[in-house]
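As you go down the protein sequences, you meet chains A and B in turn.
One point on numbering: in my numbering, the residue at position 129 of the first sequence is 129, and numbering is uninterrupted.
One point on numbering: in my numbering, the residue at position 85 of the second sequence is 85, and numbering is uninterrupted.
All residues carry an ideal CB built from backbone N, CA and C; glycine is no exception.
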Amino acid sequence: MNSSSVYFGVERRIHNSPGYMGRERRAMPWNPVRAGDEPTLIQYAIARNREAFARLYDRHVDKVFKYIYYLVGTKREAEELTGQVFGKAWQTIGDFRWAEQSFVAWLCGIARQAVTAHAPQAHDAPIGDEISASGLTADVLKRALARLAPDERQVVVLRFVEGFSVQQTAEVMGKSRKDVQTYQHRALTELGAIMSESPRQE
Amino acid sequence: MTEVGTMIELILDECLEDIRAKRATVADCLARRPNVAADLAPLLEMALAIAGVPEVRPSEEFKRATRERLLRLSPPTKSNGRMGDLGPRASPVPDTKERV
């Protein structure tokens, strides 16, 4: 596809939209940013449109926060880092390339760099008996994850909390699919052992 | 990694994908692979338990404040002058905020 034509396609859609009445009258009921799909929003954000970037933020902030939350100490720390990730994303959005990964995977890649220095503190206290009858809680999971190696922790969060595919996980982590499969197996095995350190309360 | 270990990694991944795509249940996966079912079962159960953990979200106050801050940020200083994968910028993109 001709890259320029895609960009001009955005312009054409504005001018061909039913509500467009020309520059003079400045009436524009169809707003490409408000109605925009993700590729359109990204195009506008790359062209430094803050509103488009804010819409991308609205779409992905929960996902980015969730990813960071499981990799750092506190909710407050996770919020602070989430804000930093979007600030960095705004500064570097010109580097984003569709062909390489999805936008959310790109954001998680930035988040991954941000959390490197914020590894959660691991506690050795058994947590198996904290699993309630209603199942695993976010807090217990987070503490169990803190006892895994960093790459295993990342794989668990990306694969099972975020729901990324093996391919997407590999892209975010800069690893091979095979590496992700290995970390996944190892992490689930270790988590199983951590969770069963003391009997469950049924 | 032994050959058996590698095989389990692949089978585990295959099962997880099938379960995620709703092509199979845990029971289906285990029934299809009786020779590794004992090893596979706790891994699949753990993966499902993690996926079932209640969602954590940032506070609404944080989300609102960060959004406002983003809308006030100055334009990126780092730019390579291209439109993502769309080639060089051909003309300024209209500021849609003004037209609303």
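Does the contact criterion of 3 or more C-beta pairs under 8 Å hold for the segment 149-159 of chain A versus the segment 182-195 of chain A? As far as the Cβ criterion goes, the segment 149-159 of chain A touches the segment 182-195 of chain A, which means the pair count is three or higher.
Any beta carbon from chain B within less than 7 Å of A/Q181's own beta carbon? Interface residue, yes.
Kindly indicate which three-state DSSP category B/T6 falls into: helix, strand or coil? Secondary structure of B/T6 (DSSP, three-state): helix.
What ranges does the alpha helix (DSSP H) occupy inside the segment 5-65 of chain B, keeping only unbroken runs of at least 4 residues that lie completely in it? The qualifying runs are 26-32, 37-51.
Beta-carbon proximity list for B/K97, same chain, < 7 Å, skipping 5 on both sides: Residue placement at B/K97 is poorly supported in this model, since its pLDDT is 45, which falls under 50; the coordinates still yield a value, given next. Residues of the same chain with their beta carbon placed closer than 7 Å to that of B/K97 are lacking, with the five preceding and five following residues left out of the count.
Compute the Euclidean distance between the alpha carbons of B/E45 and A/T40, then round it to the nearest angstrom. Going from the Cα of B/E45 to the Cα of A/T40 covers about 40 Å.
Count the C-beta pairs between the segment 40-59 of chain B and the segment 153-163 of chain A that are closer than 8 Å, then say yes if the count reaches three, no if not. Verdict: yes, contact present.
Inspect the beta-carbon positions of A/G109 and A/V172 and report whether they are closer than 7 Å. The Cβ atoms of A/G109 and A/V172 lie closer than 7 Å to each other.
Select from the segment 20-49 of chain B all residues with a C-beta closer than 7 Å to any C-beta belonging to chain A, and list them in chain order. Residues of the segment 20-49 of chain B with a C-beta less than 7 Å from any C-beta of chain A: P42, L43, M46, A47, A49, listed in chain order.
Is the beta carbon of A/A144 closer than 7 Å to that of A/I68? Between A/I68 and A/A144, the CB-CB gap reaches or exceeds 7 Å.
Rounded to the nearest angstrom, what separates B/L40 and A/T169 at their Cα positions? Distance between the alpha carbons of B/L40 and A/T169: 21 Å.
Buried versus exposed call for A/T74 [16 or more other C-beta atoms within 10 Å across all chains shown]: Classification for A/T74: exposed.
Between the alpha carbons of B/R33 and A/L81, how many angstroms are there, rounded? Going by C-alpha positions, B/R33 is about 43 Å away from A/L81.
If you reduce the DSSP assignment to three classes, tell me which class A/E197 lands in. Three-state DSSP puts A/E197 in coil, outside helix and strand.
Helix or strand or just coil, what does DSSP make of A/G109? Here A/G109 sits in helix by DSSP.
Over what stretch of residues does the alpha helix (DSSP H) that includes A/P150 continue unbroken? It spans 150-156 - the alpha helix (DSSP H) in which A/P150 sits, taken as one unbroken run.
Going by DSSP in three states, A/F164 sits in which element: helix, strand or coil? Residue state, collapsed to three classes: coil.
Any C-beta of chain B under 7 Å from that of A/H185: It does: the Cβ of A/H185 has a partner Cβ on chain B nearer than 7 Å.
Let me know if B/E17 comes out buried or exposed under the rule of 16 or more other beta-carbons within 10 Å of its beta-carbon. Classification for B/E17: exposed.
Could you give the residue range of the alpha helix (DSSP H) that holds A/G94? It is not in any alpha helix (DSSP H) - A/G94 carries neither H nor E in the DSSP assignment.
Starting from A/V72 and walking both ways along the alpha helix (DSSP H), at which residues does that stretch end? Unbroken run through A/V72: none, as it is neither H nor E.
At a CB-CB cut-off below 9 Å, which residues of chain A make contact with B/K13? The identity of residue 13 of chain B in the sequence shown is Asp, whereas the question assumes Lys. Listed along chain A, the residues sitting closer than 9 Å to B/D13 by beta-carbon distance are V166, R177, V180, Q181, Q184, H185.
Where A/G22 and A/L107 are concerned, what is the direct C-alpha to C-alpha distance, given to the nearest angstrom? Annotation note: pLDDT 45 at A/G22 (below 50); position unreliable, coordinate value reported separately. The C-alpha of A/G22 lies about 37 Å from the C-alpha of A/L107.
Compare the Cα-Cα distances from A/K66 to each of A/R97, A/D139, A/T92 and report the closest residue. Ranking the options by Cα distance to A/K66, first place goes to A/D139.
Kindly indicate which residue of A/I46, A/Q101, A/H60, A/K142 has the alpha-carbon position closest to the one of A/Q91. It is A/I46 whose Cα lies nearest to the Cα of A/Q91.
A/M28 to A/F53 span [Cα, whole Å]: Note on A/M28: pLDDT 48, under 50, position unreliable in the model; the coordinate value appears next. A direct Cα-to-Cα measurement between A/M28 and A/F53 gives close to 20 Å.
With C-beta atoms as the reference, is A/V64 less than 7 Å away from A/A111? Result yes, Cβ atoms of A/V64 and A/A111 sit closer than 7 Å.
In terms of alpha-carbon separation, which member of A/V115, A/Y183, A/E38, A/S196 lies closest to A/F103? Out of A/V115, A/Y183, A/E38, A/S196, the CA that lies nearest to the CA of A/F103 is found in A/E38.
Could you name the residues of chain B that A/T40 contacts, counting a contact when the two beta carbons are closer than 9 Å? Near A/T40 there are no residues of chain B at all, since even the closest Cβ is about 10 Å away, more than 9 Å.
For the alpha helix (DSSP H) that A/Q43 lies in, which residues bound it at each end? If you look at A/Q43, you'll find it in the alpha helix (DSSP H) that goes 38-46.
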